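Here the structure comes first, spelled out in structure tokens, and everything after it is commentary.
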Amino acid sequence: MTSDTNNWIRRTAKACGWALLFVPLLASTLYFGERLGLPPLVSLLGALLPWLALARYSGLKQAAGLILGFSVVTAASYAWQAPSNERNWMPEFAQLARFEIQDQQLHASKLRDFDWQSADTFRERWRSETFDLSQLSGLDLIVVPFGDSERAAHVMLSFGFADGRKLALSVEARREVGEDYSLLGGAARQFELIYLFGSERDLLGLRVLHRGDRVYSFPLRVEQSFARELLLELCRAANDLHQRPQFYATLRQNCATTLLGHVNRMRDEPLSPFLDTLFPARIGQVLHRLGYLDTELDWPATQENSRIDDKIRSRPHFAPLAPNP
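What follows is the structure, encoded as structure tokens:
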């Protein structure tokens, strides 16, 4: 090789080394920035400026040592955090559902049934109900796309009973007063996990009537025994959170991956987490292709028939209650 070629290789390798060092530095500053409540742009500058200074005034080996040390501190901080149920929760996340099972009777307490007057105002109501598991009649997958996105969405389940009642479940990030949800916050262990059981009137009405979301309800083709065991599995998980709180995680423990994990523990052929939860807004189409939706229609017709936000707007029992005199 010529000297020019050798010099080019060395410069390229050095540039690649500096570029690789920026990745852990950025991850660390984003983590600490999220923990401190700083905007992502501030965290980005907090990584970029030291990186440029190191590149200007330090050698690659010295910079690697400093950034490695910072990364070790970040990893230790991440591992040191412990989830807790003792925080100043937002009212809508203040209670954890609890369940007791006696024969075929499922006794549920702390079910959320808020009367939402707007997206931010409500009358707080937590209810107790008893469900006859032998009357479990159906299971729906609820998909709520984010805005106009055809990829990102929130997913829920709704268990139907022969008497017309429904028990909805939304796995969410349990937020404290003053906290806003963010993808970075979920990755930085900023939120705990909550299995939020409640009424469709609350969980769906909030999203349709006050947030203007699209909502799809896909009936699943499952045996009653499977729906029953899945419900009990989810109830046990909700009970466990009272003694063993968990962190919400943007990728590993979110609304879709958490529910899929419970489903897969009951199946001989697990569904692929990558295929079925990378783009939750498409999960209905995936399940339709696999034959898990209770319909004989093609996908476009199924999607159209499963959209329920207009139906919710027309149903009187979803409307906010009149104020107390």
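The numbering used here puts the first residue of the sequence shown at 6, with every later residue one more than the last. Glycine included, each C-beta is placed from N, C-alpha and C at the ideal position. Keep in mind it's a predicted model, so treat the numbers as computed, not measured.
Compare the beta carbon distance of residue i and residue j with 8 Å and say whether it is the shorter of the two.
| i | j | result |
| --- | --- | --- |
| PRO250 | PRO29 | no |
| GLN140 | ALA167 | yes |
| GLU197 | PHE252 | yes |
| LEU225 | ASP299 | yes |
| MET1 | GLU238 | Lying outside 6 to 330, the shown extent of the chain, residue 1 is not represented and no answer is given. |
| ALA60 | LEU31 | no |
| THR263 | VAL176 | yes |
| PHE223 | VAL148 | yes |
| SER204 | LEU116 | yes |
| HIS215 | TRP85 | no |
| LEU144 | ALA232 | yes |
| ILE317 | GLY210 | yes |
| CYS240 | PHE136 | no |
| SER142 | SER114 | no |
Classify residue i as helix, strand or coil using the three-state DSSP reduction.
| i | result |
| --- | --- |
| VAL227 | coil |
| ALA178 | strand |
| ASP137 | strand |
| ALA254 | strand |
| PHE127 | strand |
| HIS322 | helix |
| ARG272 | coil |
| LEU122 | Looking at the sequence provided, one finds Gln at residue 122 rather than Leu. Note: GLN122 maps to coil in three-state DSSP. |
| GLU184 | coil |
| PRO285 | helix |
| LEU26 | helix |
| LEU43 | coil |
| ALA193 | coil |
| ASP245 | helix |
| ARG233 | helix |
| ASN259 | coil |
| ARG216 | coil |
Sort out for me which residues DSSP pairs residue i with in a bridge.
| i | result |
| --- | --- |
| PRO150 | ALA158 |
| LEU298 | LEU225 |
| GLY165 | GLY143, LYS171 |
| SER203 | Rather than Ser, the amino acid found at residue 203 in this sequence is Gly. DSSP, once it has assigned bridges, lists ARG117, ALA173 as partnering GLY203. |
| ARG132 | LEU116 |
| LEU198 | ALA178 |
| ARG312 | TYR221 |
Report back the beta-carbon spacing between residue i and residue j to the nearest angstrom; my notes put them in contact at under 8 Å.
| i | j | result |
| --- | --- | --- |
| LEU4 | LEU174 | For the chain, the structure presents residues 6 to 330; residue 4 sits outside this window and is missing. |
| PRO285 | VAL160 | 5 Å |
| ALA3 | THR255 | Outside the shown range of the chain (6 to 330) lies residue 3, about which nothing can therefore be said. |
Checklist entry - Along the chain, which unbroken stretches of the alpha helix (DSSP H) at least 4 residues long are found entirely within the stretch 56 to 111? => result Within the stretch 56 to 111, complete alpha helix (DSSP H) segments of at least 4 residues are found at 65 to 85, given in chain order.
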